[in-house]
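What follows is one structure encoded as structure tokens, with my remarks underneath.
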Amino acid sequence: MTYLIREILRNIPEHANESTAWICGQYWADHTAEIAIVDEGVGVKSSLQRNAVHRQYVIDDETALLCAIKAGISQSFIPDRGNRSSDVWSNSGYGLYMVSEICKELKGSFCIASGKNYIYVGQDGVVSSGEAYMQGTAVKMTFSTDYLKSSREIIQSIASRGEAEARTIRNAFKKASRPSKGLILEL
3 MTYLIREILR
13 NIPEHANEST
23 AWICGQYWAD
33 HTAEIAIVDE
43 GVGVKSSLQR
53 NAVHRQYVID
63 DETALLCAIK
73 AGISQSFIPD
83 RGNRSSDVWS
93 NSGYGLYMVS
103 EICKELKGSF
113 CIASGKNYIY
123 VGQDGVVSSG
133 EAYMQGTAVK
143 MTFSTDYLKS
153 SREIIQSIAS
163 RGEAEARTIR
173 NAFKKASRPS
183 KGLILEL
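All letters in the sequence shown, in the order written, are residues 3 to 189 by our numbering.
The structure is reproduced here in structure tokens:
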């Protein structure tokens with residue numbers, strides 16, 4: 003759970019231009035955990051549009067959200083540079099991808115709302131979207147705690163799949179950072 007919370011909280015100062023967030027959680031008797039994190043920052047679309055590379059195709063909130071859960075997509079991306087920062091915590095664009103995929107692997111779901119839209123990723127991997135109004139960004143993660151024992155393997159497997167996917171995406175970081183691979187802290 004630490005990994006999931008950390009990945010979402012890191013996005014707030016890095017992308018939302020916000021220093022305040024709200025977090026709440028619930029643990030149910032059926033071993034399901036729900037965690038929600040909300041900020042009132044600039045939102046996903048505005049964050050991605052700060053980068054001219056993404057501005058050309060991130061035309062609305064729904065597109066921004068769909069792009070943001072792809073591996074390697076970040077407002078920090080600079081073509082032909084990759085992520086050359088020596089800072090192990092520097093952004094690699096894998097946070098939302100990793101969190102949404104981990105929630106699926108743990109028999110849960112992932113929902114993110116920002117601006118005028120939300121997207122929902124069910125445990126079957128089906129992505130649906132709809133209208134919302136959210137100044138900033140809200141994330142809700144639901145997952146079964148029954149599968150947390152294999153979290154390290156799950157994280158590393160998803161990171162490898164993400165890196166393979168990112169190689170097919172033109173404006174994406176091709177390698178996940180060490181924290182995104184779960185090599186800094188356990189889940």
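Beta carbons are placed, not taken as given, at the ideal position from N, Cα and C, and that holds for glycine.
- One thing to note: G110 has its Cβ within 8 Å of the Cβ of T144.
- One alpha carbon belongs to V129, the other to V123, and they sit about 5 Å apart.
- The beta-carbon distance between A70 and V44, rounded to whole angstroms, is 13 Å. This is too long to meet the 8 Å contact definition.
- By the beta-carbon neighbour count (other beta carbons within 10 angstroms, threshold 16), E133 is exposed.
- The beta-carbon separation of A38 and L50, rounded to 22 Å, does not stay under the 8 Å limit for a contact.
- With fewer than 16 other CB atoms across the displayed protein chains lying within 10 angstroms of its CB, A31 is exposed.
- In this structure, Y96 places its C-beta atom within 8 Å of the C-beta atom of G74.
- Assignment of D32 by DSSP, reduced to helix, strand and coil, places it in the coil class.
- Around the beta carbon of D41, 16 or more other beta carbons sit within 10 angstroms, so the residue counts as buried.
- Cβ neighbours of H33 within its own chain (closer than 7 Å, five residues either side excluded): S146, T147 and D148.
- With a 10 Å radius around the Cβ and a threshold of 16 neighbouring Cβ atoms, C113 comes out buried.
- Per the DSSP secondary-structure output, V40 pairs in a beta bridge with W24 and A140.
- Where N19 is concerned, there is no enclosing alpha helix (DSSP H), because DSSP gives it neither an H nor an E.
- Excluding sequence positions up to five before and after E20, its CB lies within less than 8 Å of the CB of I14, D41, E42, G43, V44 and G138, all in the same chain and listed in chain order.
- Excluding five sequence positions before and after S102, the CB atoms of its chain that fall closer than 6 Å to its own CB belong to I71, F112 and V123, given in chain order.
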